[in-house]
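Heads up: take any position in the sequence shown, counting from 1, add 2, and you land on our numbering. For each residue, glycine too, the CB sits at the ideal point set by N, CA and C. Just so you know, these numbers come straight off a predicted model, no measurement behind them.
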Amino acid sequence: MKIFKILFYISSITTFLVIYSNQALAQQFSLDLGSETGPLTGRILQLIALITVIAIAPSLLVVLTSFTRIIVVLSLLRSAMGVQQTPPNTVLVGLALFLTAYVMAPTLETAYQDAIVPLINEEIEEPEAARRIGEPVHAFMLGQVREKDLGLFLDLTGEELPESPQATPFRALIPAFLISELRRAFEIGFLLFIPFIIIDMVVASILMSMGMMMLPPILISLPFKLVFFVLVDGWHLVTNSLVLSFG
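Following this line, the structure appears as structure tokens:
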């Protein structure tokens with residue numbers, strides 16, 4: 003039941019973005035050359051901005067969440083095992099999405115209760131709802147970003163250090179969060195590579211000692227990698243480690 007609750011939060015926030023984007027589109031779509039309510043250029047710019055936001059919304063939902071770290075780790079795990087097409091990309095992305103939904107559940111629940119519910123009850127306006135949605139996302143990213151990476155982008159933008167972490171601008175926080183996530187993903191990936199490299203080295207040494215240098219070591223080591231991964235309950239360990247890494 004918990005996963006359905008998580009999916010409900012995601013669908014509610016997504017529905018909010020789509021519905022109110024469509025309403026704004028319907029309100030701004032009428033380009034009456036004789037209208038006195040606003041200049042034509044302003045309406046066109048609003049329409050272009052709206053279409054741009056709708057186009058990049060899926061990308062924002064990916065880069066502002068735990069998806070980056072999870073999908074990179076799963077891809078590195080597949081490379082470490084030497085199986086380039088198994089599991090297929092669709093399975094890895096699907097697993098990464100559900101793990102992301104699980105990790106982001108507290109953040110999504112806060113955004114839903116603080117922004118979507120008051121908006122549905124007409125207690126707040128759309129700009130205030132957007133600000134409230136951004137607050138828990140901002141807090142989540144601050145909890146995962148490295149101070150060194152954040153300081154880098156604050157220096158690049160020429161801004162002074164904010165008075166409080168909550169005042170950190172998104173334009174510096176987002177790229178810092180991304181490179182912090184990539185660093186952690188590579189650290190986890192390095193640890194995943196070690197046991198499989200050892201298996202490759204052992205198999206290669208045995209084949210060389212037997213004079214079977216023409217036989218590809220990967221052909222022999224792959225079954226041992228799969229058996230090793232199954233015996234240690236690899237998927238359970240990797241999934242558990244990924245989720246706990248966001249704690």
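| query | result |
| --- | --- |
| In this structure, how does DSSP classify residue 173 when only helix, strand and coil are distinguished? | helix |
| From residue 169 to residue 202, what does the alpha carbon distance come to, in whole angstroms? | 49 Å |
| So, for residue 1: in the same chain, excluding its five sequence neighbours on each side, which residues have a beta-carbon less than 6 Å away from its beta-carbon? | The requested residue 1 is not part of the displayed model; the chain covers only 3 to 249. |
| For residue 234, does the three-state DSSP call read helix, strand or coil? | coil |
| Within its chain, find whatever has a CB closer than 8 Å to the CB of residue 217; leave out the 5 residues flanking it on each side and keep chain order. | 209 |
| Smallest Cα separation from residue 197: which of 167, 84, 248? | 84 |
| Please determine, among 99, 49, 80, 50, the residue with the shortest C-alpha to C-alpha distance to residue 192. | 80 |
| For residue 37, count neighbouring Cβ atoms within 10 angstroms of its own Cβ and tell me buried if that reaches 16, exposed if not. | Reliability fails at residue 37, whose pLDDT of 47 lies under 50, so the model's placement of it is uncertain and the value that follows must be treated cautiously. Looking at its Cβ environment, which holds fewer than 16 other Cβ atoms inside 10 Å, residue 37 is exposed. |
| Taking DSSP as the reference, what is the three-state secondary structure of residue 123? | coil |
| On the three-state DSSP scale, how would you describe residue 148? | coil |
| What is the rounded straight-line gap between the Cα of residue 59 and the Cα of residue 66? | 11 Å |
| So, are the CB atoms of residue 75 and residue 194 less than 9 Å apart? | yes |
| What is the DSSP secondary structure of residue 115, reduced to helix, strand or coil? | helix |
| Could you have a look at residue 217 and say whether DSSP puts it in helix, strand or coil? | coil |
| Checking 9 Å against the spacing of the C-beta atoms, do residue 183 and residue 77 come in under that value? | no |
| Using a 10 Å radius around the Cβ and a threshold of 16 neighbouring Cβ atoms, would you call residue 140 buried or exposed? | buried |
| In this structure, does DSSP put residue 163 in helix, strand or coil? | coil |
| Quick one, are the C-beta atoms of residue 243 and residue 186 less than 9 Å apart? | no |
| By Cβ distance, which residues of its chain are closer than 6 Å to residue 175, with the 5 residues on each side in sequence left out? | 143 |
| With a 10 Å radius around its C-beta and 16 neighbouring C-beta atoms as the bar for buried, classify residue 101 as buried or exposed. | buried |
| Taking all protein chains shown into account, do 16 or more other C-beta atoms lie within 10 angstroms of the C-beta of residue 98, making it buried, or fewer, making it exposed? | buried |
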